[in-house]
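Numbering-wise, the working numbering puts 255 at position 255 of the sequence shown, and it's gapless, one number per residue.
Virtual Cβ for every residue (Gly too), placed ideally from N, Cα, C.
Model, not experiment: these values are computed from the prediction.
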Amino acid sequence: MLFRDSASAVAAENLAGSLFIRLIDQFVHKHGHKPSPSEVRSWERSIPALTNALLDAGLGMVEVLLEYSLPLNSKRADVILAGVHPSTGEPSYVVVELKQWSNAVPEDGEPLLCRVDAYTQPVLNPIEQVRGYCDYLISFNGALAAHPERLSGVAFLHNATEFGVQGLYEVEQDERGRLFTAARRGEFIQYLRSKLKPVPGAEAADQLLAGKVAPSKQLMAVAAEEVREREQFVLLDEQRVAYELVLRAVRQAQQSDHKEVVVITGGPGTGKSVIALSLLGDLYRRGVTALHATGSSSFTTTMRRVAGARKRQVQELFKYFNSFMTAERNGLDVLICDEAHRIRETSANRYTRAAQRTGKPQIEELIDAARVPVFLLDEHQVVRPGEMGGHVRWSGVTLATR
Numbered sequence: 001m002l003f004r005d006s007a008s009a010v011a012a013e014n015l016a017g018s019l020f021i022r023l024i025d026q027f028v029h030k031h032g033h034k035p036s037p038s039e040v041r042s043w044e045r046s047i048p049a050l051t052n053a054l055l056d057a058g059l060g061m062v063e064v065l066l067e068y069s070l071p072l073n074s075k076r077a078d079v080i081l082a083g084v085h086p087s088t089g090e091p092s093y094v095v096v097e098l099k100q101w102s103n104a105v106p107e108d109g110e111p112l113l114c115r116v117d118a119y120t121q122p123v124l125n126p127i128e129q130v131r132g133y134c135d136y137l138i139s140f141n142g143a144l145a146a147h148p149e150r151l152s153g154v155a156f157l158h159n160a161t162e163f164g165v166q167g168l169y170e171v172e173q174d175e176r177g178r179l180f181t182a183a184r185r186g187e188f189i190q191y192l193r194s195k196l197k198p199v200p201g202a203e204a205a206d207q208l209l210a211g212k213v214a215p216s217k218q219l220m221a222v223a224a225e226e227v228r229e230r231e232q233f234v235l236l237d238e239q240r241v242a243y244e245l246v247l248r249a250v251r252q253a254q255q256s257d258h259k260e261v262v263v264i265t266g267g268p269g270t271g272k273s274v275i276a277l278s279l280l281g282d283l284y285r286r287g288v289t290a291l292h293a294t295g296s297s298s299f300t301t302t303m304r305r306v307a308g309a310r311k312r313q314v315q316e317l318f319k320y321f322n323s324f325m326t327a328e329r330n331g332l333d334v335l336i337c338d339e340a341h342r343i344r345e346t347s348a349n350r351y352t353r354a355a356q357r358t359g360k361p362q363i364e365e366l367i368d369a370a371r372v373p374v375f376l377l378d379e380h381q382v383v384r385p386g387e388m389g390g391h392v393r394w395s396g397v398t399l400a401t402r
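Structure (structure tokens):
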């Protein structure tokens, strides 16, 4: 998140000419490089359009979270509005996707995609885009997982006419995905009033930001069913030993304050990834929070395709090693690190902000992220107990080739 304040304060910063200077400074501090000129232009044109609508709606005390980073993900929501629901009195949140588009047409044969003059390739329909952000937040933020009804999503195309984007309405709208244009600004204002009460929203924002980052029970249940239906393999010999070793480590970690690290080694063809998928399915059925991570884009894509072909949200359970730089210590029960020989010295790269360049080894970040880190290693790689830290137990098994 780059900036947080009430809608009135954001509008005042804009009028004073300081808002976008602060956003640029925060962006550089967070990401280690300047935002692109097109991104700055989008802030300058879109944020005032939203804050003006909020003020016209009488919602100046609603909390505005700009450029909110999705947990364990590189994506950012343009804005999240935090406040109190006018009917229930409970916290209420609205994810807002802001677009400068004046025209957009659906991609032939695929309404979830659309064509916009500014882009050479089709992009996601903003209704579907903001719905995806909502679904993701409910899946990974504990404050929302228990109360999904508190979250809504809307795309505001503040330069568009109804005629210019009429084809976008081919995508079904619901509570997590809705669209308003400049021509329907009055309806957008009424929509905001229906979701947010004209009272301070700082406490609701605090609750959202304090939400535990972990896969929700609902997501794990869906994933367990998906993996169960695809489990057409039987674990044999050392594969079964490795599988049971991890389950034992989970039990031991739950019963004590010690971290349990499991290292499974084996060459190509020994079924390390089969073990990973089997474990995920079993752990999710037991209600154990777990994620899968690799250092390879192609391998992660393959695992997402295998496990989440029918349920897109399941794909979000497959991460990258560098996703855990700022993860909460022991925030997960289990983290399965597949192809662990790809672990790098650190997660930092040339875009990493200075504050995060701690020099902390990537393997330590992964170990810290879960009570039971599981490393699936190539048989020629070695992880020594000393590398696991001084306050952890570790165990291992080597898979044999047949």
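Query	Result
Every unbroken alpha helix (DSSP H) within the segment 178-228, with a cutoff of 4 residues, ordered by chain	185-195 and 202-209
Cutoff 7 Å; reference valine 105; Cβ partners in own chain excluding five residues on either side	Cys114, Arg115 and Gly167
Beta bridge counterpart(s) of serine 139 as assigned by DSSP	According to DSSP, serine 139 bridges with nothing at all.
Residue range of the unbroken beta strand (DSSP E) whose run includes arginine 305	Not the beta strand (DSSP E): arginine 305 falls in the alpha helix (DSSP H), residues 297-307.
Glutamate 128 vs valine 171 beta-carbon contact at 7 Å	yes
First through last residue of the alpha helix (DSSP H) which encompasses aspartate 237	Taken as a continuous stretch (DSSP letters only), aspartate 237 belongs to no alpha helix (DSSP H), as it is neither H nor E.
Three-pair Cβ contact test at 8 Å for the segment 281-296 versus the segment 324-335	yes
Sheet register partners of lysine 34 (DSSP bridge)	According to DSSP, which records beta bridges pairwise, lysine 34 is partnered with nothing at all.
Closest by C-alpha distance to asparagine 408, when choosing among Lys212, Arg178 and Leu66	The first residue shown for the chain is 1 and the last is 402, placing residue 408 beyond what the model contains.
According to DSSP, residues forming a beta bridge with glycine 153	Val95
C-beta contact flag for arginine 176 and serine 92 at 7 Å	no
Neighbour-count burial assignment, lysine 197, 16 or more Cβ in a 10 Å radius	buried
Proximity below 7 Å, CB of serine 152 to CB of leucine 219	no
For glutamate 264, three-class secondary structure by DSSP	Note on residue identity: the sequence assigns isoleucine, not glutamate, to residue 264. Reduced to three states, the DSSP call for isoleucine 264 is strand.
Where serine 6 falls: helix, strand or coil (DSSP)	strand
Validate contact between the segment 237-252 and the segment 261-269 using beta carbons, cut 8 Å, 3 pairs	yes
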